[in-house]
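One structure below.
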Amino acid sequence: MNGDDSSHAEIPLFAEGVAAGFPSPAMGDLNGTLDLNRLCITHPAATYFVRARGDSMVGAGIDDGDILVVDRSLTPTNRRIIIASVNGEFTVKRFEKTATRMRLLPENPAYKPITITPELGAEFFGVVTFIIKRTAP
């Protein structure tokens, strides 16, 4: 082994944020390091990653190929993005629960909501907590 433990590399974290509007003064001060495992994973034994496929959730910022961080220990609550199985097929959708029904909502008008009924055999497989996306090839 060469001593390089890249799975736990300490990546620099700058103290100042980066302006998404007007430019800010140059960054310089480090604020320590950031461990993405600590940031993205609250319940390690209940967390998994899955790659998004398709375009039904583009309005939520989930694009084809993005990596979703999913926590199985969290209960789906209204308006959260979840992973579910419907008729044996996995999907990522926004969860909606009202007094009279539960639905899985796409974030693309080209797709229709899925109303959860006993016949569908729907199962929940976790709540999406983070989206990891590549911005450059």
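Residue numbers (my numbering): 130 to 266. A virtual CB, placed ideally from N, CA and C, is assigned to each residue, including glycine.
Buried versus exposed, by CB contacts within 10 Å (16 or more), residue i
i	result
Asp200	buried
Gly194	exposed
Thr204	exposed
Lys241	exposed
Pro247	exposed
Arg208	exposed
Ser202	exposed
Lys222	buried
Thr162	exposed
Ala149	exposed
Thr220	buried
Reduced DSSP secondary structure (H/G/I, E/B, other) of residue i
i	result
Pro247	helix
Gly194	coil
Gly188	helix
Arg167	helix
Contacting residues, own chain, Cβ-Cβ under 7 Å from residue i (five flanking each side not counted)
i	result
Ile260	Gly190, Ile191, Asp195 and Leu197
Residues bridged to residue i [DSSP beta-bridge criterion]
i	result
Tyr177	Val199
Arg223	Ile210 and Leu234
Pro141	Thr162
Ile260	Leu197
Val215	Glu218
Phe253	Ala213
6 Å Cβ shell around residue i - same chain, five flanking residues per side excluded
i	result
Glu225	Arg232 and Leu234
Ile245	Met231 and Ala251
Cys169	Val198 and Phe259
Asp133	Below a pLDDT of 50, predicted positions are generally treated as unreliable, and Asp133, at 49, falls in that range; no measurement from the model is reported.
Ser185	Pro235, Asn237 and Tyr240
Chain D contact for residue i (CB, 8 Å cutoff)
i	result
Glu252	Judged by its chain identifiers, the structure shown contains no chain D, having just a single protein chain.
Determine contact between the segment 202–216 and the segment 237–254, defined as no fewer than three beta-carbon pairs at a distance below 8 Å.
-> Contact holds between the segment 202–216 and the segment 237–254, because three or more Cβ pairs, one in each stretch, are under 8 Å apart.
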